[in-house]
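Only one structure is covered here, and it is reproduced in the block below.
Protein chains in written order, with this note's numbering: chain A, 9 to 410; chain B, 9 to 410.
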């Protein structure tokens, strides 16, 4: 089996290491490696295979193209070209799958080759294959997940060390855990892309990432962490989606998770995906969501699947795009935090609107109140009432996973 | 694709329900179902396929035999016969695989057919397939797991409701969660069989279940739970194995697990398997470890894999049996509980022997002390000293997972 690799960064090296350490068991020959800057790799064991010229790669003969350069372009062009040349493709590129998964799966199908992307979601955690193959007979009803290592690291650190978002982000950037422009991570885009890939496969309908309700972690402050602790919870950036009566709803947002839950035990660079199937019940997958070796391990498994001719059904990407509702249409709990002197008025109004509430804190500056309602729509109504009556203009809300 | 099913109890019905609910997607035809007592099933939708005569089953033509009757015999004979007739086999029978897995895998290989057993470990949790396929490139260094739902239910209930082992076992038996003869569950045999299947696949050597150190939960009492709570821990029946320098060690025993750990969040009928790979790091799989639908879901996935011609390498079962060490040969922590009036003497002796200890409780009747040592061998030495000096004849020990 001959493979060409596009990109020789962290994940590329992880994959190559794994091919090397398994060479007695599996005969995988690397024929070409595309890089940006050849001079950086002149001491590499594979220096003779390294090139800056993609034409040099495509001039070689190979069975699998492993795309690890990331981003939309030129990755998309390269993958398309490979598939159209009847070459199988393994990729870790969630941005591209979330954006062009439908097109690429169609091209792969037309050319009767495989397109595989286990490494695109959850790093080293085997999750797409178990979802597609092991849970095939199940109707997946819902899922929730921590899918972004950078934000989970930031939130863990804020919680454990009582540091501010800005302090932890800065430190994470210095350590290389967060990018110089962290937008895609901290605003939840990366998690939403992964959630859309999982949701598309789980619900057998194409779910587009921008259609989820999206809220990042950049506004989480020490006060939120303080309330979370008081409630016996942590704050996690959670992606959740569900299907009910043919309708899909979903979000990526910071939520309160109970200390008793599995989710609360998934800290730092770890990810978790919890799938809820009609037969199997809740199944959870936990592991490192990023990094050289875990992600290399996932890409290697995809290569092996192609080598062993194991096919896998990912047709759902070619299905029609489905509308996504951005609010929760069933029981939900939320912490509302109001900066207002009119506490009594707010409490009275909430008391009239909800069947259950609990005051968490009431200081001169702030009122924190936990409410249980029938849907997220009701929360919006309450906040709208309070705003219209002039009781409070500055508030925050944090849903709790229940 | 035609299948015959041996056994129409809980799991059999779960599988048949799944085949029914997916009939538009997958063309699986049930040709025969073997039962013990036909009259019990006369109102079944499949009454016309149900027989008490195994010859009637084997006289039909089919591609897959699904064995769900359990126990060693006649299950073994039936599976052997099917494989020798070049019929693929799906089974949930961990007792048989732990005992005769080597023979059956050899027969399957000789006849070029599949033998699949995802449902034998962890109920509905996809774990064998991810281990074999998704983590193929990894060297698995160690694993730990909660693999028995009955004991996890008993321990959860003892912990949550402060009930004695005897009370909870009785209740579990009345509710059908524990068998009339609970030995296989409560003595850890069931967990050890599952751990041996996982270990065989993970370490690529045949590991025999009786070679593990085995200790059940029947001697866990309220005092142990009291100490666990005091230490911020729960007690779980954990199976753990590891490979180091070509040596495998392993046990199934009740251990202390920290409340901060994932393991402590896995209660009641839930199971967890944590695999530690050299590249991927720790990956965990959590879900319902038993029951009609979860186990039916796993057996269904195996049927689909055969239908889709996805092959899977389980050669390790045919490898030579490897010796298993029964003690832990690296750092370990343990709680020692002594019933003795000679507390000061015991503390002095422990103080001389270990580099770290902490007195948890010292009452008139009992001394509870947490120690850190370099290997389990040292614990045995300490207990031997104390016994030889006549300081204490009655003691208990509980390792902590670290």
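From the three backbone atoms N, C-alpha and C, an ideal C-beta is built for every residue, glycine too.
On a predicted model such as this, the values are computed, not experimentally measured, just so you know.
message: So that I know if they touch, is there some Cβ in chain B lying closer than 8 Å to that of residue 266 of chain A?
response: Judged by the 8 Å Cβ criterion, residue 266 of chain A is not in contact with chain B.
query: Can you round the beta-carbon distance between residue 43 of chain A and residue 16 of chain A to whole angstroms, since I take them to be within the 8 Å contact cut?
result: Contact between residue 43 of chain A and residue 16 of chain A is confirmed by a C-beta separation of about 5 Å, below the 8 Å threshold.
message: With DSSP as the reference, identify every bridge partner of residue 266 of chain B, one or two as the case may be.
response: B:241
- prompt: Taking the C-alpha atoms as reference points, what is the distance between residue 384 of chain B and residue 262 of chain B?
  reply: When rounded, the distance between both Cα atoms is 15 Å.
message: Can you give me the C-alpha to C-alpha distance between residue 155 of chain A and residue 161 of chain A, rounded to a whole angstrom?
response: 11 Å
field: chain B contacts from the region 317-339 of chain A (Cβ-Cβ distance under 7 Å)
entry: 318, 319
message: For the alpha helix (DSSP H) containing residue 300 of chain B, name the first residue and the last one.
response: Secondary structure note for residue 300 of chain B: its alpha helix (DSSP H) is the uninterrupted segment 300-315.
- prompt: Three or more C-beta pairs closer than 8 Å, one from the region 91-108 of chain B and one from the region 196-209 of chain B: is that the case here?
  reply: yes
query: Comparing alpha-carbon positions, which option in A:121, A:222, A:236, A:191 lies nearest residue 248 of chain A?
result: With distances taken between Cα atoms, residue 248 of chain A lies closest to A:222.
query: When we look at the beta-carbon of residue 277 of chain B and count the other beta-carbons within 10 Å, is it buried (16 or more) or exposed?
result: buried
- request: Select from B:138, B:406, B:202 the residue whose C-alpha is nearest the C-alpha of residue 235 of chain B.
  value: B:406
- prompt: For residue 158 of chain A, does the count of other Cβ atoms within 10 angstroms reach 16, so buried, or fall short, so exposed?
  reply: buried
message: According to DSSP, is residue 56 of chain A part of a helix, a strand, or is it coil?
response: helix
- request: Flag residue 30 of chain A as yes if its beta-carbon sits less than 8 Å from any beta-carbon of chain B, otherwise no.
  value: Residue 30 of chain A counts as touching chain B.
task: Compute the Euclidean distance between the alpha carbons of residue 110 of chain A and residue 81 of chain B, then round it to the nearest angstrom.
output: The alpha-carbon atoms of residue 110 of chain A and residue 81 of chain B are separated by roughly 50 Å.
field: Residue ranges of each alpha helix (DSSP H) within the region 168-234 of chain A, 4 or longer
entry: 173-183, 191-194, 197-211
message: Quick check on DSSP: helix, strand or coil for residue 141 of chain B?
response: helix
- request: Less than 8 Å between the CB atoms is what I'm expecting for residue 134 of chain B and residue 309 of chain B, so what's the real figure, rounded?
  value: 7 Å
- prompt: Three-state secondary structure (DSSP) at residue 99 of chain A?
  reply: strand
Interface residues of the region 292-303 of chain A facing chain B [CB-CB below 7 Å]: Cβ contacts with chain B: 292, 293, 294, 295, 296, 301, 302.
- request: Using a Cβ-Cβ cut-off of less than 9 Å, list which residues of the region 147-178 of chain A approach chain B; keep chain order.
  value: 147
message: DSSP three-state label for residue 86 of chain B, please.
response: Residue 86 of chain B falls in the helix class under three-state DSSP.
query: Do the CB positions of residue 23 of chain B and residue 40 of chain B come within less than 8 Å of each other?
result: no
query: Could you give the residue range of the beta strand (DSSP E) that holds residue 147 of chain A?
result: No beta strand (DSSP E) holds residue 147 of chain A; DSSP gives it neither H nor E.
- request: Could you confirm whether any beta carbon from chain B is found closer than 8 Å to the beta carbon of residue 215 of chain A?
  value: So, not an interface residue.
- request: Starting from residue 309 of chain B, find everything on chain A with Cβ-Cβ shorter than 8 Å and list it in chain order.
  value: 141, 142, 143, 144, 145
message: Check this for me: beta carbons of residue 151 of chain B and residue 206 of chain B, under 8 Å apart or not?
response: yes
- prompt: residue 270 of chain A CB to nearest chain B CB: under 8 Å?
  reply: yes
- request: Would you kindly work out how many angstroms separate the C-alpha atoms of residue 97 of chain B and residue 74 of chain B, rounded to a whole number?
  value: 6 Å
- request: Could you spell out the range, first to last residue, of the beta strand (DSSP E) harbouring residue 75 of chain A?
  value: 72-75
message: Distance check for residue 225 of chain A and residue 14 of chain B, CA to CA, integer angstroms please.
response: 53 Å
task: May I ask you to report which of helix, strand or coil DSSP gives residue 165 of chain A?
output: Taken through DSSP and simplified to helix, strand or coil, residue 165 of chain A comes out as helix.
- request: Could you have a look at residue 16 of chain B and say whether DSSP puts it in helix, strand or coil?
  value: coil
query: With 8 Å set as the bound, which would you pick, yes or no: does the beta-carbon of residue 128 of chain B sit closer than that to a beta-carbon of chain A?
result: no
field: Status (buried if at least 16 other CB within 10 Å, exposed otherwise) for residue 87 of chain A
entry: buried
Of the listed residues B:345, B:368, B:193, nearest to residue 163 of chain B (C-alpha basis): B:193
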